[in-house]
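Undergrad: In case it helps, my numbering puts the sequence shown at residues 4 to 377. Structure incoming, see below.
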Amino acid sequence: MAAEIDVAIIGAGVTGLATASEIAQLKRQVFVFEKNRTFGLETSSRNSEVIHAGIYYPENSLKAKLCVEGKNLLYELCSKHNIAHKQLGKIIVATDKNETAQLEKLYEQGRRNGVEDLMLLSQAEVKKLEPNVEAKAGLLSPSSGILDSRTLLKYLYNQAREKGAEFVFNTEVIGIEMAGAKYKLQIKDRDGISDAIAHVVVNCAGLNSDKVAQLAGIDIGKAGYKLHYCKGEYFGLSSKYRNVVSRLIYPTPEQAGHGIHVTMGLDGRVRLGPNALYVKAIDYGVDDTHKETFYSSTKRFLPHIELEDLAPEFAGIRPKLQGPGDSFRDFVIAHEDKAGFPGLINLVGIESPGLTAAPAIARYVGRMVRGLCD
Ligand SMILES: Cc1cc2nc3c(=O)[nH]c(=O)nc-3n(C[C@H](O)[C@H](O)[C@H](O)COP(=O)(O)OP(=O)(O)OC[C@H]3O[C@@H](n4cnc5c(N)ncnc54)[C@H](O)[C@@H]3O)c2cc1C
4 MAAEIDVAII GAGVTGLATA SEIAQLKRQV FVFEKNRTFG LETSSRNSEV IHAGIYYPEN
64 SLKAKLCVEG KNLLYELCSK HNIAHKQLGK IIVATDKNET AQLEKLYEQG RRNGVEDLML
124 LSQAEVKKLE PNVEAKAGLL SPSSGILDSR TLLKYLYNQA REKGAEFVFN TEVIGIEMAG
184 AKYKLQIKDR DGISDAIAHV VVNCAGLNSD KVAQLAGIDI GKAGYKLHYC KGEYFGLSSK
244 YRNVVSRLIY PTPEQAGHGI HVTMGLDGRV RLGPNALYVK AIDYGVDDTH KETFYSSTKR
304 FLPHIELEDL APEFAGIRPK LQGPGDSFRD FVIAHEDKAG FPGLINLVGI ESPGLTAAPA
364 IARYVGRMVR GLCD
């Protein structure tokens with residue numbers, strides 16, 4: 004007979020880990036199925052490690068609300084549990100008049116989202132804060148920061164386990180079938196294929212979350228869940244640029260990403276990226292021929308850098324609901340009862356600011372699960 008559990012979570016990235024911890028504390032029996040050998044090997048460890056303030060997203064969107072809430076929870080959690088982080092602040096820079104107008108819009112957008120500490124900066128004020136940066140104007144976001152995502156993932160994993168969640172690695176969910184008021188999961192591991200029965204299924208499968216929703220019977224075309232992969236590559240700047248800036252420096256945003264920006268590791272090492280390239284397949288290689296584009300877009304606001312000081316580092320892939328040329332798409336965090344799947348919760352399109360929002364996403368899903376199990 005198949006094992007029977009209260010809640011099955013599919014995927015052990017940052018959202019699956021945070022959600023496991025949140026649900027386990029409701030005294031539910033939680034199993035997390037992860038196809039890789041351990042947690043956090045995909046998008047959750049291939050990103051900028053930025054704690055976002057919540058500026059960019061439309062008011063009342065899940066991205067805006069969960070980013071602002073997640074940021075506060077994340078700073079609290081990092082301080083309390085010694086997870087390395089730094090609230091160094093960020094400046095979005097404008098290099099011409101059009102971009103200056105965009106900064107004002109971002110300022111208003113951020114204020115509407117509850118980011119109350121934003122400040123518009125003149126050219127001289129940017130220069131005073133960041134002498135190596137060239138800009139016509141800036142938008143300072145004091146609550147933006149960076150964190151050590153690996154330590155965060157490890158902390159969330161340990162916390163979930165301490166609260167009783169079980170992790171099953173090297174195990175891929177390959178089928179989901181409704182069985183009365185429960186779900187029969189078909190799982191594939193080294194020993195072959197077996198079944199597990201779950202009352203609630205939470206799909207935190209990142210780049211595969213549309214396919215997992217489809218496995219359960221959701222018409223992903225009709226639901227608008229089809230994901231587009233959007234690759235983001237990073238180039239490192241040589242160590243002579245260590246601490247060339249004291250804050251994160253972002254250009255005004257592009258359509259598919261935040262624009263190639265300047266981030267810093269907690270050790271002061273400077274990194275450029277990510278770009279935003281729609282791709283068909285998952286491939287984490289960095290194309291060295293893109294170096295020129297990184298160089299020219301960054302040189303606009305960091306004029307002292309030289310082409311030979313850039314070296315390819317790594318890449319991540321965004322699970323985007325927004326295809327090329329499409330308008331804004333929000334996170335999907337949906338209990339699918341209206342679609343005829345009570346007890347199935349899909350998280351689809353958890354791209355940036357998913358790392359920042361993870362603790363708030365977990366609470367949001369926790370409230371859904373509590374309603375289902377009470
Ligand atoms: C280039 C880039 C930069 C970013 N920068 C930032 C940033 O600075 N700040 C920020 O807040 N956010 C950022 N993000 C977004 C953030 O990284 C993601 O939103 C977050 O990591 C998503 O976590 P996740 O757990 O949903 O997905 P993942 O980390 O991808 O985890 C999903 C897991 O599900 C598993 N899985 C999939 N299918 C199955 C299956 N069938 N059976 C079992 N397991 C399965 C996978 O193996 C994987 O481990 C960035 C993203 C990218 C790509």
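All C-beta atoms in this analysis are idealised placements derived from N, C-alpha and C, irrespective of residue type, glycine included. Here the structure is a predicted model, which is why all the values come from computation and not from measurement.
Can you tell me whether DSSP reads residue 90 as helix, strand or coil?
TA: Counted from its first residue, the sequence shown places residue 90 at position 87. Three-state result, residue 90: coil.
Undergrad: Going by C-alpha to C-alpha distance, which of 350, 164 and 63 sits closest to residue 30?
TA: Sequence index remark: in the sequence shown, residue 30 carries index 27 (1-based). Out of 350, 164 and 63, 164 has the C-alpha closest to the C-alpha of residue 30.
Undergrad: Would you say the beta carbon of residue 46 is closer than 8 Å to some non-hydrogen atom of ligand 1?
TA: Position 43 of the sequence shown, counted from the first residue, corresponds to residue 46. The answer is yes for residue 46.
Undergrad: Please go through the stretch 14-77 and give each complete beta strand (DSSP E) segment of 3 or more residues, from N-terminal end onward.
TA: Counting only runs of 3 or more, we get 33-36.
Undergrad: Answer with buried or exposed for residue 40, where buried requires no fewer than 16 other C-beta atoms within 10 angstroms of its C-beta.
TA: Along the sequence shown, one-based indexing puts residue 40 at 37. Exposed.
Undergrad: Per DSSP, what kind of secondary structure is residue 308 in: helix, strand or coil?
TA: Here the question's residue 308 lines up with position 305 in the sequence shown. Correct three-state label for residue 308: coil.
Undergrad: Looking only at C-alpha atoms, which of 68, 303, 368 and 202 sits nearest to residue 137?
TA: In the sequence shown, the residue the question calls residue 137 occupies position 134. When only C-alpha atoms are compared, the closest one is 303.
Undergrad: What does residue 192 pair with, by DSSP beta-bridge criteria?
TA: Taking the first residue of the sequence shown as 1, we reach residue 192 at position 189. Answer is 195.
Undergrad: Could you check whether the Cβ of residue 366 sits closer than 8 Å to any heavy atom belonging to ligand 1?
TA: In the sequence shown, counting from the first residue as 1, residue 366 sits at position 363. Residue 366 Cβ: outside cutoff for every heavy atom of ligand 1.
Undergrad: At a threshold of 8 Å, does residue 57 count as lining ligand 1 (C-beta to nearest heavy atom)?
TA: Taking the sequence shown and counting its residues from 1, one reaches residue 57 at position 54. For ligand 1, not one heavy atom lies less than 8 Å from the Cβ of residue 57.
Undergrad: On the three-state DSSP scale, how would you describe residue 81?
TA: Position 78 of the sequence shown, counting from 1, holds the residue named residue 81. It is helical.
Undergrad: Is it right to say residue 261 is buried, meaning 16 or more other beta carbons lie within 10 angstroms of its own, or is it exposed?
TA: Residue numbering aside, residue 261 sits at position 258 when the sequence shown is read from its first letter. By the 10 Å Cβ count, residue 261 comes out buried.
Undergrad: Could you check if residue 161 belongs to the surroundings of ligand 1, using beta carbon to heavy atom distance under 8 Å?
TA: Counting from 1 along the sequence shown, the entry for residue 161 is found at position 158. No; taking the cut-off as 8 Å, the Cβ of residue 161 has no heavy atom of ligand 1 nearer than that.
Undergrad: Rounded to whole angstroms, what's the CA-CA distance from residue 98 to residue 86? Just pull it up for me.
TA: Here residue 98 refers to the residue found at position 95 when the sequence shown is read from its first residue. Here residue 86 refers to the residue found at position 83 when the sequence shown is read from its first residue. Computed Cα separation, rounded: 35 Å.
Undergrad: DSSP beta-bridge partners for residue 135?
TA: By one-based count along the sequence shown, residue 135 stands at place 132. According to DSSP, residue 135 bridges with nothing at all.
Undergrad: So residue 298 is in the alpha helix (DSSP H); what residue range does that whole segment cover?
TA: Residue mapping note: residue 298 aligns to position 295 of the sequence shown, counting from 1. Where residue 298 is concerned, the enclosing alpha helix (DSSP H) stretches over 294-302.
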